[in-house]
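A.B. asks:
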Amino acid sequence: MKWRFLDEATNGLDMSMFPRVIFNVVQSSVRRGLAEDGTRFQIPFQMAKTFGRWHADVEFGPRAITVGRSEWLYGIVCGFDVAKPTMLMAELHDELRMNFSRDVLTLNFGLRHEFTENYILIMSMGHELRSPDQPTAFIGYFGMQLVY
36 MKWRFLDEAT
46 NGLDMSMFPR
56 VIFNVVQSSV
66 RRGLAEDGTR
76 FQIPFQMAKT
86 FGRWHADVEF
96 GPRAITVGRS
106 EWLYGIVCGF
116 DVAKPTMLMA
126 ELHDELRMNF
136 SRDVLTLNFG
146 LRHEFTENYI
156 LIMSMGHELR
166 SPDQPTAFIG
176 YFGMQLVY
């Protein structure tokens, strides 16, 4: 759940935090190499600003991990409204060890489409540009945002 404590309509800038806990329900995903072991707690802070049909968002925050080293998350997303309900986006995202010894940089392209005020489709595909410990990987996600 995202907590927006500043709103662009009244403050000129959106600011929010998005705390989340990520864990594996079944360990078979870890054994097959589809998911990482352990539980993660993230609390990224996000800022967003609209410039006409253009949108800019930045994110920064820590990710604590029960298995392995904790990391910093940060990134920037730029979007362009191609039509009233549809935005095309590009994202540059990095995951960096707390001691700055290793990072994984990813470039994604995606879209956001509002079916209604309450149902928003978000999808993205991209590729890691830099991953020092493993071969770079293809990244993709697909989700439905429910706004209430």
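Residue numbering for the sequence shown follows my numbering, beginning at 36 and increasing consecutively. Think of the CB as a built atom: it goes at the ideal place given N, C-alpha and C, for glycine as much as any other residue.
With 16 other CB atoms within 10 Å as the buried threshold, where does T74 fall?
C.D. replies: On the sequence shown, position 39 is the one that residue 74 refers to. Per the 10 Å Cβ criterion, exposed.
A.B. asks: Output needed for L164: all residues of its chain with C-beta closer than 6 Å, excluding positions within five of it in sequence on either side, in chain order.
C.D. replies: Position 129 of the sequence shown, counted from the start, is the residue given in the question as residue 164. Excluding residues within five positions, the ones whose Cβ falls inside 6 Å are L140 and L142.
A.B. asks: Would DSSP call T101 helix, strand or coil?
C.D. replies: Against the sequence shown, residue 101 aligns to sequence position 66. Here T101 sits in coil by DSSP.
A.B. asks: Is it right to say M179 is buried, meaning 16 or more other beta carbons lie within 10 angstroms of its own, or is it exposed?
C.D. replies: For the purposes of this step, residue 179 is taken as residue 144 along the sequence shown, with counting starting at 1. It is exposed - the Cβ of M179 has fewer than 16 other Cβ atoms within 10 Å.
A.B. asks: So for E106, helix, strand or coil by DSSP?
C.D. replies: Within the sequence shown, numbered from 1, the residue matching residue 106 stands at position 71. Of the three classes helix, strand and coil, the one that applies to E106 here is strand, per DSSP.
A.B. asks: Taking the runs of the alpha helix (DSSP H) that are 4 residues or longer, which of them lie wholly in the region 58-146?
C.D. replies: Here the runs fully enclosed are 63-66.
A.B. asks: Should R104 go down as buried or exposed, given a rule of 16 or more other Cβ atoms within 10 Å for buried?
C.D. replies: Position 69 of the sequence shown, counted from the start, is the residue given in the question as residue 104. Label assigned to R104: exposed.
A.B. asks: In angstroms, rounded to a whole number, what distance separates the CA positions of F53 and F95?
C.D. replies: What you label residue 53 is simply residue 18 of the sequence shown in a count that begins at 1. What you label residue 95 is simply residue 60 of the sequence shown in a count that begins at 1. Cα-Cα distance, rounded: 11 Å.
A.B. asks: Using CA atoms only, rank isn't needed, just tell me which of D49, V65 and S166 is closest to F80.
C.D. replies: Position 45 of the sequence shown, counting from 1, holds the residue named residue 80. For F80, the nearest C-alpha among the options comes from D49.
A.B. asks: Leaving out five residues before and five after D129 in sequence, what residues of the same chain have Cβ atoms less than 6 Å from its Cβ?
C.D. replies: Locating residue 129 in the sequence shown gives position 94, where the first residue counts as 1. Closer than 6 Å at Cβ, skipping near neighbours: Y109, D138 and L140.
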